[in-house]
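Report on the structure given below.
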Amino acid sequence: MSLTTILSHNDSKETLSALFASSARVSLLQVFMLDPVRAYYQRQLEQATGLAIRAIQRELERMVSIGLLFRHVEGNRTYHQVDMEFPLFPELRNIILKTS
0 MSLTTILSHN
10 DSKETLSALF
20 ASSARVSLLQ
30 VFMLDPVRAY
40 YQRQLEQATG
50 LAIRAIQREL
60 ERMVSIGLLF
70 RHVEGNRTYH
80 QVDMEFPLFP
90 ELRNIILKTS
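35 is the number that numbering that gives the first Met the number 0 gives to position 36 of the sequence shown; each next residue is one higher, with no gaps.
Here it is, written out as structure tokens:
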């Protein structure tokens with residue numbers, strides 16, 4: 000096995016761990032995957048999930064860091080949206096749709 004293959008495999012494992020490691024993250028994934036073209040700001044996610052704002056902030060940061068979400072600022076609000084070019088997006092969306 001080449002070093003590139005090992006690194007790619009390790010990156011994939013880290014990405015999967017980052018996606019499913021907490022129930023708060025799964026709740027946010029459900030919101031984003033059910034309507035992937037919509038951008039959300041933190042208070043909308045708080046209302047949709049019932050999670051504490053700090054938990055939302057922590058999970059958004061993690062999902063941005065792996066490239067699943069991107070963020071943009073409009074006025075005083077920061078919006079988060081799914082990057083539909085994320086390599087695992089189609090499969091991840093299918094998992095969420097099948098289990099929601």
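Virtual Cβ for every residue (Gly too), placed ideally from N, Cα, C.
query: What's the C-alpha gap between MET83 and PHE69?; result: 10 Å
query: Would you tell me roughly how many angstroms separate the C-alpha atoms of LEU50 and PHE88, rounded to the nearest one?; result: 23 Å
query: Taking the Cβ atom as the reference point for each residue, do GLU58 and ALA23 lie within a distance shorter than 8 Å?; result: yes
query: If you compare alpha carbons, which of VAL72, VAL36, ARG53 is closest to GLN80?; result: VAL36
query: Kindly identify the DSSP beta-bridge partner or partners of VAL81.; result: LEU68
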